[in-house]
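S.K.:
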Amino acid sequence: MESKLKFWTDIATFVGTAATAVYVSYVLYAALQPGEEHVTSDQRRRAKASQKMIGGNIELTKYEASLLSNLIQPHEINVGFSDIGGLDEATMAIHETILFPLINSSKFSQSPLLQAPKGVLLYGPPGCGKTMLAKAMARESNANFLNVQMSTLADKWYGESNKIVAALFSLATKLSPCIIFIDEIDSFLRTRDSNDHEMSAQLKAQFMVCWDGLATASSNGVLVLGATNRIFDIDDAVLRRMPKRFEIKRPGPVQRARILKIVLQGTEVDANLDFKALVEATEGMSGSDITEFCRNAAMEPMREAYRQWCLKDTDESPEKTEKMRPLRTSDFIKVDVD
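Positions 7 to 344 (my numbering) are the ones given, in order, by the sequence shown.
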């Protein structure tokens, strides 16, 4: 009896151990597959949605398909040039020298001198609208937008990063017109030196090789767009590939007035609001600073309404009992003094 019990115990132990070993092996194998460890479930869902939108007639490799989670289509972008204040000269130059040739690439294919440049750089202080300008370019040109980050291209397996970089450019060609956007490009394509890690050096070299291949090909409606506030940290070879550079400066008085009107659009303001005083109060601010300046000022009427509601003995919510007053000049100046 004891021998039979021992026999069945050994069988159960063997089966359990074997099943555990098979499961662990499967999990390890799945986890160690190259090019998959950095793809989240949300990215997979977005990639599937993008695949449906671009249609099933485009054949993609597995590396190109993995980049679809970074694809933003024109109808998904809610920023246009009209939403950007104070950059009229830059937007006009971009329309004339970048977007018009990009949209009508077939018409300008007769002469390489008339084709859109393959690289454009937006540089200037932080918060002045470089990223918004990039989104507006994609929307106005009706171009697909590939938002690329270093983590998108990096892979722990040797040689996989190079394949992903090559897939980035081949995917952009298939989705043309397409803009490959690299925000904070100085952190990725910074000046090379002998102390660079081997993987980083190979990644930069592969990117520039593919970029040159893109530039020597026929006009295909693909643009590499970078944004930075540290232009002097970018490698000279990269700058050579970005012949069109637009400096996005801090807004002047006229630009600040335009930004204030855009930011305050849809907000109830006092009829006697002194825009001239606000323009003076925002001297030296970037577009992002001005937005926060207005946001903090807009909190003043809300604070007053909340304090009045607290003094009342009522169970109703503040939005039903208290009406916020329009914004006054004193709300902004008070914020500026604080």
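Backbone N, C-alpha and C fix where the C-beta goes; we use that ideal spot for every residue, glycine too.
Just the Cα atoms here: how many angstroms apart are residue 295 and residue 148?
M.R.: So the alpha carbons of these two residues sit roughly 30 Å apart.
S.K.: Please state if the CB of residue 254 and the CB of residue 130 are separated by a distance shorter than 8 Å.
M.R.: Contact flag set, yes.
S.K.: Enumerate, from N- to C-terminal direction, the unbroken beta strand (DSSP E) stretches of 3 or more residues contained entirely within the segment 96–166.
M.R.: Entirely contained in the segment 96–166, the beta strand (DSSP E) runs reaching 3 residues are, in chain order, 125–129 and 150–154.
S.K.: Should residue 141 be labelled buried (16 or more other beta-carbon atoms within 10 Å of its own) or exposed?
M.R.: Residue 141 should be labelled buried.
S.K.: Taking the C-alpha atoms as reference points, what is the distance between residue 336 and residue 234?
M.R.: 36 Å
S.K.: Specify, as a first and last residue, the run of the alpha helix (DSSP H) that residue 281 falls within.
M.R.: 281–287
S.K.: Quick one: is residue 67 buried, meaning 16 or more other Cβ sit within 10 Å of its Cβ, or exposed?
M.R.: exposed
S.K.: Compare the beta carbon distance of residue 73 and residue 174 with 8 Å and say whether it is the shorter of the two.
M.R.: yes
S.K.: Which stretch, first to last residue, makes up the beta strand (DSSP E) that contains residue 251?
M.R.: 250–253
S.K.: With DSSP as the reference, label residue 175 as helix, strand or coil.
M.R.: helix
S.K.: Is the segment 245–261 touching the segment 120–130 in the sense that three or more CB pairs, one from each, lie closer than 8 Å?
M.R.: yes
S.K.: Considering Cα atoms alone, identify which of 300, 157, 265 and 286 is closest to residue 274.
M.R.: 300
S.K.: Ends of the alpha helix (DSSP H) at residue 242?
M.R.: 242–246
S.K.: Are the beta-carbon atoms of residue 151 and residue 83 separated by less than 8 Å?
M.R.: yes
S.K.: CA-CA distance, residue 178 and residue 98?
M.R.: 25 Å
S.K.: Is residue 216 near residue 172, with beta carbons less than 8 Å apart?
M.R.: yes
S.K.: Judging by CA-CA distance, which residue of 164, 262, 266 and 226 is the nearest neighbour of residue 116?
M.R.: 226
S.K.: Indicate whether the contact test is met: 3 or more Cβ pairs, each with one atom in the segment 152–163 and one in the segment 279–286, closer than 8 Å.
M.R.: no
S.K.: Alpha carbon to alpha carbon, how far is residue 94 from residue 80? Give it in angstroms, no decimals.
M.R.: Rounded to the nearest angstrom, the two C-alpha atoms are 22 Å apart.
S.K.: Can you tell me whether residue 43 is helix, strand or coil according to DSSP?
M.R.: A caution first: residue 43 carries a pLDDT of 48, below 50, which makes its placement in the model too unreliable to give a value.
S.K.: Taking the CB atoms as reference points, tell me whether residue 229 and residue 124 lie closer together than 8 Å.
M.R.: yes
S.K.: With DSSP as the reference, label residue 93 as helix, strand or coil.
M.R.: coil
S.K.: Is residue 331 helix, strand or coil by DSSP?
M.R.: coil
S.K.: In terms of residues, what are the limits of the beta strand (DSSP E) holding residue 83?
M.R.: It is not in any beta strand (DSSP E) - residue 83 carries neither H nor E in the DSSP assignment.
S.K.: Thinking residue 134 and residue 293 are a contact (beta carbons under 8 Å), I'd like their distance in whole angstroms, please.
M.R.: Indeed, because the Cβ distance is near 6 Å, the residues count as touching under 8 Å.
S.K.: Kindly list the residues whose CB is nearer than 7 Å to the CB of residue 192, restricted to its own chain and excluding five residues on each side of it in sequence; keep chain order.
M.R.: 234, 236, 239 and 240
S.K.: How would you write the range of the beta strand (DSSP E) that residue 233 sits in, first residue to last?
M.R.: 228–234
S.K.: Give every residue of the same chain whose Cβ lies closer than 7 Å to the Cβ of residue 205, excluding the five residues on either side of it in the sequence, and list them in chain order.
M.R.: 167
S.K.: Would you check if the distance between the CB atom of residue 143 and the CB atom of residue 170 is smaller than 8 Å?
M.R.: No, they are not a contact pair.
S.K.: Is it the case that the Cβ atoms of residue 146 and residue 105 are separated by a distance below 8 Å?
M.R.: yes
S.K.: Please report the Cβ distance between residue 91 and residue 247, rounded to the nearest whole angstrom; I am assuming they are in contact, meaning their Cβ atoms lie under 8 Å.
M.R.: No, residue 91 and residue 247 are not in contact; Cβ-Cβ is about 31 Å, not under 8 Å.
S.K.: Using a threshold of 8 Å, state whether the C-beta atoms of residue 153 and residue 78 are closer than that.
M.R.: Yes; because the gap between Cβ atoms is below 8 Å, this pair is in contact.
S.K.: Taking the continuous beta strand (DSSP E) assigned at residue 185, which residues delimit it?
M.R.: 184–189
S.K.: CA-CA distance, residue 297 and residue 262?
M.R.: 11 Å
S.K.: Under a three-way DSSP split, which group does residue 64 fall into?
M.R.: Reduced to three states, the DSSP call for residue 64 is coil.
S.K.: Taking the C-alpha atoms as reference points, what is the distance between residue 331 and residue 266?
M.R.: Going by the C-alpha atoms only, they are around 19 Å apart.
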